[in-house]
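Residue numbering for the sequence shown follows this note's numbering, starting at 1 and increasing by one per position. The C-beta atom is built at its ideal place from N, Cα and C for all residues, glycine as well. Okay, so here's the structure we're looking at.
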Amino acid sequence: MNDTVTTNASQRRVIAPTPVADTPSATADLADLLALMARLRADCPWDIKQTNHSLIPYAIEEAYELGEAVQEDDDEDIKGELGDVLLQVVFHCQLYAEQGRFAMGDVITTLQEKLIRRHPHVFDKENLADDAAVKQRWDEIKAIENQERAARGKAKRRLDQVKAGSALMQAQALQKAASKLGFDWPGVEGAVEKLEEEIAELKEALPKAGETLTAQQERALEKELGDCVFGLVNVARKVGLDAEAATLTCVHKFKSRFGYIEAKLAEQGKIVEDSTLEEMDALWEAAKIEE
Numbered sequence: 001m002n003d004t005v006t007t008n009a010s011q012r013r014v015i016a017p018t019p020v021a022d023t024p025s026a027t028a029d030l031a032d033l034l035a036l037m038a039r040l041r042a043d044c045p046w047d048i049k050q051t052n053h054s055l056i057p058y059a060i061e062e063a064y065e066l067g068e069a070v071q072e073d074d075d076e077d078i079k080g081e082l083g084d085v086l087l088q089v090v091f092h093c094q095l096y097a098e099q100g101r102f103a104m105g106d107v108i109t110t111l112q113e114k115l116i117r118r119h120p121h122v123f124d125k126e127n128l129a130d131d132a133a134v135k136q137r138w139d140e141i142k143a144i145e146n147q148e149r150a151a152r153g154k155a156k157r158r159l160d161q162v163k164a165g166s167a168l169m170q171a172q173a174l175q176k177a178a179s180k181l182g183f184d185w186p187g188v189e190g191a192v193e194k195l196e197e198e199i200a201e202l203k204e205a206l207p208k209a210g211e212t213l214t215a216q217q218e219r220a221l222e223k224e225l226g227d228c229v230f231g232l233v234n235v236a237r238k239v240g241l242d243a244e245a246a247t248l249t250c251v252h253k254f255k256s257r258f259g260y261i262e263a264k265l266a267e268q269g270k271i272v273e274d275s276t277l278e279e280m281d282a283l284w285e286a287a288k289i290e291e
């Protein structure tokens, strides 16, 4: 596969993979996958339009779908979802290679270097008694890596400890971290009052009947809506609940109840599109009773 070309220690040129010709056959070779991705970038209108930033939502979505597949433990689904996650890695690498920044080989090398560096108990035979000692050593190595990042101008701020994740997960983790630094209400009452304040501001930003929002009004509404969600997460945290888990419970409940509606309508020889809101709402209430 075309990847990187090193002419000497100080000069290095990144070359994007060469697109595969004709109709390829599926193989287990990573080089063939990279060539296929290059072909898609060359000939597929949707793939051509994508950027590293436009792909971010898909990477997040695929990670969650992989989690669901692992939970359901179906081999075919797991293989498919692992492939979708790999696609995101390959797609990003293709785009960065086209920009002349780095390629798949660099990502693989960086990963191997990190794994070797963070496992001295395996490769340097350090005497680490148990997994707790391994975790402590891992944290020590990460601290050294953070110092190296700071030396490159990537200073680590206090809340940078919060890992990437869903918006709800990050919101709750940020609030928890800030609380440990003394930035928090003493009880849940303060969080509830703040939520009520944000809801009032959201109501003010909502469009009136028949009103079309300007781009500036849409941004303001988005901000107020985000403030309300953030405030609700804070309430969950203050009472010891996980906002992500609570929301997922609601998601699964909604899917289950709507599935009940579809099933009952099917028994009547109807589909959702041919039913009234009143009919569906009545079945929704019936689903709640049967839970």
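Should residue i and residue j be called a contact, given that it needs their Cβ atoms to be closer than 8 Å?
i	j	result
Leu-40	His-92	no
Leu-195	Thr-247	no
Ala-164	Val-233	no
Thr-18	Ala-35	yes
Glu-224	Ala-209	no
Glu-62	Asp-84	yes
Leu-86	Leu-66	no
Could you check the C-alpha separation between residue i and residue j for me, to the nearest Å?
i	j	result
Lys-288	Lys-270	21 Å
Thr-6	Leu-95	A caution first: Thr-6 carries a pLDDT of 45, below 50, which makes its placement in the model unreliable, though a value can still be read off. Roughly 20 Å separates the two Cα atoms.
Val-122	Glu-76	33 Å
Ile-141	Asp-160	17 Å
Val-162	Glu-244	15 Å
Val-235	Ala-59	29 Å
Gly-226	Glu-189	20 Å
Trp-138	Glu-197	43 Å
Thr-27	Leu-33	8 Å
Ser-256	Glu-278	19 Å
Tyr-64	Gly-259	21 Å
Asp-130	Lys-180	29 Å
Ser-275	Pro-207	29 Å
Glu-222	Thr-214	12 Å
Ala-151	Glu-145	10 Å
Leu-241	Trp-185	16 Å
His-252	Ala-282	20 Å
Ala-132	Gly-153	32 Å
Leu-120	Arg-158	The residue you asked about is not Leu; residue 120 is Pro in the sequence shown. The alpha-carbon atoms of Pro-120 and Arg-158 are separated by roughly 28 Å.
Glu-218	Lys-238	30 Å
Gln-71	Thr-249	15 Å
Ala-286	Glu-273	19 Å
Met-280	Ser-25	48 Å
Asp-124	Leu-115	13 Å
Ala-220	Asp-73	43 Å
Leu-267	Ser-166	Before going on, a small fix: residue 267 reads as Glu here, not Leu. The straight-line gap from Cα to Cα measures roughly 38 Å.
Cys-44	Glu-211	39 Å
Ala-177	Gln-147	21 Å
Ile-78	Phe-183	42 Å
Asp-47	Gly-105	22 Å
Val-134	Leu-265	56 Å
His-53	Glu-290	44 Å
Please classify residue i as buried or exposed, where buried requires at least 16 neighbouring CB atoms within 10 angstroms.
i	result
Ala-69	buried
Gly-187	exposed
Lys-49	exposed
Gly-80	exposed
Gln-175	buried
Ala-143	exposed
Arg-13	exposed
Ile-261	buried
Ala-299	Only positions 1 to 291 of the chain appear in this structure, which leaves residue 299 out of reach.
Ala-200	exposed
Ala-263	exposed
Ala-38	buried
Identify which residue in the options has its Cα closest to the Cα of residue i.
i	options	result
Ala-191	Pro-207, Val-229, Thr-212	Val-229
Ala-21	Arg-13, Leu-30, Ala-42, Glu-262	Ala-42
Arg-101	Ala-16, Leu-181, Pro-120	Ala-16
Val-293	Leu-111, Asp-184, Ile-78, Cys-44	This structure leaves residue 293 out entirely; the chain is present only between 1 and 291.
Phe-254	Glu-273, Trp-284, Glu-267	Trp-284
Gly-231	Glu-211, Leu-202, Met-37	Leu-202
Gln-136	Arg-149, Arg-118, Ala-282	Arg-118
Glu-98	Ala-132, Thr-51, Leu-265	Thr-51
Ile-108	Arg-219, Leu-30, Ser-25	Leu-30
For this session: Please specify which runs of the alpha helix (DSSP H), each continuous and at least 4 residues long, are wholly inside the stretch 240-276, giving them in chain order.
Result: 243-267
For this session: May I have a chain-ordered list of the alpha helix (DSSP H) segments no shorter than 4 residues that lie completely inside the stretch 85-136?
Result: 104-117, 120-123
For this session: Taking only runs that begin and end inside the stretch 152-214, name each unbroken beta strand (DSSP E) of 3 or more residues, in chain order.
Result: none
Exercise. Hey, which unbroken runs of the beta strand (DSSP E) at 3 residues or more fall wholly within the stretch 28-91?
Worked result: none
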